[in-house]
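S.K.: So the sequence shown is numbered by the working numbering: it starts at 7 and just counts up by one.
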Amino acid sequence: MKREHRHAPFDPHTIARPAIVRGYDRDKDGECCTPASFCVDIQGTPGSPWNASAANVFADDFLYLNQYDCADRDAVARMFRRHLHTIQTQYKRWCAEVEAARQGIVVDRSQEDRAHARRQRRYNTFQRRLRITLRYEETRRHAPLIRAIGPDGMSSDEEDFSNTVIKRYAQIPKLWRHVNLTDLFRFLDALHRWWRSSVGQGPSHGQFPRNRFLPPDSENAATNVSTRLPVQGLPAGAYDMEWLEKNLTATQRQDLRIQQVAYDFSIPQSLQE
7 MKREHRHAPF
17 DPHTIARPAI
27 VRGYDRDKDG
37 ECCTPASFCV
47 DIQGTPGSPW
57 NASAANVFAD
67 DFLYLNQYDC
77 ADRDAVARMF
87 RRHLHTIQTQ
97 YKRWCAEVEA
107 ARQGIVVDRS
117 QEDRAHARRQ
127 RRYNTFQRRL
137 RITLRYEETR
147 RHAPLIRAIG
157 PDGMSSDEED
167 FSNTVIKRYA
177 QIPKLWRHVN
187 LTDLFRFLDA
197 LHRWWRSSVG
207 QGPSHGQFPR
217 NRFLPPDSEN
227 AATNVSTRLP
237 VQGLPAGAYD
247 MEWLEKNLTA
257 TQRQDLRIQQ
267 VAYDFSIPQS
277 LQE
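#1: Does the beta-carbon of T40 have 16 or more other beta-carbons within 10 angstroms, so that it is buried, or is it exposed?
#2: With 16 other CB atoms within 10 Å as the buried threshold, where does S161 fall?
#3: With distances taken from CA atoms, which of W56, H13 and P236 is nearest I25?
#4: Determine the DSSP secondary structure at V267, reduced to helix, strand or coil.
#5: How big is the Cα-Cα spacing for Q260 and V267?
#6: Mind checking G159: buried by the 16 CB within 10 Å criterion, or exposed?
#7: Using 8 Å as the threshold, is the C-beta distance between L277 and Y129 below it?
#8: At the level of alpha carbons, what is the spacing between V27 and C76?
#9: Kindly list the residues whose CB is nearer than 6 Å to the CB of D47, restricted to its own chain and excluding five residues on each side of it in sequence; keep chain order.
#10: Per DSSP, what are the beta-bridge partners of R183 in this structure?
#11: From the DSSP output, in three-state form, read off I273 for me.
#12: What is the residue span of the alpha helix (DSSP H) that E37 lies within?
#13: How would you call T6, buried or exposed, if buried means at least 16 neighbouring beta carbons within 10 angstroms?
#14: Using 8 Å for Cβ pairs, my map puts F132 next to G156. What's the rounded Cβ distance?
#15: Compute the distance between the beta-carbons of I264 and L197, then report whether it is under 8 Å.
#16: Are A65 and R79 closer than 8 Å when you measure CB to CB?
#17: Classify V112 as helix, strand or coil using the three-state DSSP reduction.
#18: Since R153 contacts L136 with CB under 8 Å, what's their CB separation in whole angstroms?
#19: Would you check whether the ligand FAD has a heavy atom nearer than 7 Å to the C-beta of Q133?
#20: Identify, in the order they occur along the chain, each residue of the same chain with its Cβ nearer than 8 Å to the Cβ of T51, setting aside the five sequence neighbours on each side.
#21: Use the C-beta contact count for Q238: other C-beta atoms within 10 angstroms, 16 or more gives buried, fewer gives exposed.
#22: Would you kindly work out how many angstroms separate the C-alpha atoms of R202 and R127, rounded to a whole number?
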């Protein structure tokens, strides 16, 4: 992004103009930029058509330069999309600081703090599920899958302020996930709660998993579902193929690089009892 440090101003040439982003059709136009003219859709999600293309351009150039040990193209693209969150946060902060300085006011960081809290909760959920997977021999085979899904594949949630007694969070479902994957996550969460309970073997001190609930109208209200694109490179059984066909373009489905391998999501009966 042609910046020497995180507080440096942004080069306007690295920010794609909104009109160009709106008119971009990857199926017709090809990749959105080149390494020499690299730019991102700073207002879009990491999985937007423009940014998905930019991630591919970045990954290809990263491997071409051959300066680092990592040679996994999908992993590099995932790291870029994750880093894009940081770039967007820095851009918003920079714009806010410029405008605040112009008006002589103090910047309100409350929205930014809430967004950071959501990202942290996703990361905590990922770590909790990975740890409980590794704790039992019967579930360790699922650890590579959990790692591949990563924090960005965990469901987001919003704090619910309607209940002043119990702190709880409204879950934002990821509709691209197959029910088998969702059931596996729910089992791991239940297993973790059991492990932390009085009958389990885990520590009773520390923060317990937060209370999450599914909003009653989540299946019908578009605002209550995640708009992030699916995680790439998972086994075919992890995806709801019908949802992918209806909601993603052919290019977006191709970008997922779905692994056409059978995956056993089952949990041994000994743990379920």
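The beta-carbon is built from N, C-alpha and C at its ideal position, and this holds for glycine as well.
This structure is a prediction, so every number in the text was calculated from the model and none was measured.
M.R.: Reading from the atomic positions:
#1: In the sequence shown, residue 40 corresponds to position 34, counting from 1. The residue in question, T40, is exposed, as its Cβ has fewer than 16 Cβ neighbours within 10 Å.
#2: Taking the sequence shown and counting its residues from 1, one reaches residue 161 at position 155. With 16 or more other Cβ atoms within 10 Å, it is buried.
#3: Position 19 of the sequence shown, counted from the start, is the residue given in the question as residue 25. It should be noted that the sequence gives Ala, not Ile, for residue 25. Among W56, H13 and P236, the Cα nearest to that of A25 belongs to W56.
#4: Position 261 of the sequence shown, counting from 1, holds the residue named residue 267. Coil, per DSSP.
#5: Taking the first residue of the sequence shown as position 1, residue 260 is located at position 254. Taking the first residue of the sequence shown as position 1, residue 267 is located at position 261. Distance between the alpha carbons of Q260 and V267: 16 Å.
#6: The residue given as residue 159 occupies position 153 in the sequence shown. G159 is buried by the Cβ-count criterion.
#7: Taking the sequence shown and counting its residues from 1, the one referred to as residue 277 is at position 271. Taking the sequence shown and counting its residues from 1, the one referred to as residue 129 is at position 123. Against a cut-off of 8 Å, the Cβ pair of Y129 and L277 comes out as no contact.
#8: Here residue 27 refers to the residue found at position 21 when the sequence shown is read from its first residue. Here residue 76 refers to the residue found at position 70 when the sequence shown is read from its first residue. Distance between the alpha carbons of V27 and C76 is about 30 Å.
#9: Your numbering for residue 47 matches position 41 in the sequence shown. Counting only Cβ-Cβ distances below 6 Å, and skipping sequence neighbours, we find A22, V27, S54, W56 and N57.
#10: Walking along the sequence shown from the start, residue 183 turns up at place 177. In DSSP, R183 forms a bridge with Y245.
#11: On the sequence shown, position 267 is the one that residue 273 refers to. The answer is coil: DSSP assigns I273 none of H, G, I, E or B.
#12: If you number the sequence shown from 1, residue 37 lands on position 31. From DSSP, E37 is part of no alpha helix (DSSP H); its letter is neither H nor E.
#13: Residue numbering for the chain in the displayed model covers 7 to 279; residue 6 lies beyond these limits and cannot be assessed.
#14: Your numbering for residue 132 matches position 126 in the sequence shown. Your numbering for residue 156 matches position 150 in the sequence shown. Taking the Cβ atoms as the reference, F132 lies roughly 6 Å from G156, within the contact range of under 8 Å.
#15: Along the sequence shown, read from residue 1 onward, the residue named residue 264 stands at position 258. Along the sequence shown, read from residue 1 onward, the residue named residue 197 stands at position 191. Contact: no.
#16: On the sequence shown, residue 65 is found 59 positions in, with the first residue counted as 1. On the sequence shown, residue 79 is found 73 positions in, with the first residue counted as 1. Yes, they are a contact pair.
#17: By one-based count along the sequence shown, residue 112 stands at place 106. Coil, per DSSP.
#18: Locating residue 153 in the sequence shown gives position 147, where the first residue counts as 1. Locating residue 136 in the sequence shown gives position 130, where the first residue counts as 1. Cβ atoms of R153 and L136 come within 8 Å of each other, at about 7 Å.
#19: No copy of the ligand FAD occurs in the structure displayed, which carries no ligand at all.
#20: Taking the first residue of the sequence shown as 1, we reach residue 51 at position 45. Correct list, in chain order: N57, T233, R234 and L235.
#21: Looking up residue 238 in the sequence shown gives position 232. Buried, since its Cβ has 16 or more Cβ neighbours within 10 Å.
#22: If you number the sequence shown from 1, residue 202 lands on position 196. If you number the sequence shown from 1, residue 127 lands on position 121. One C-alpha to the other measures close to 18 Å.
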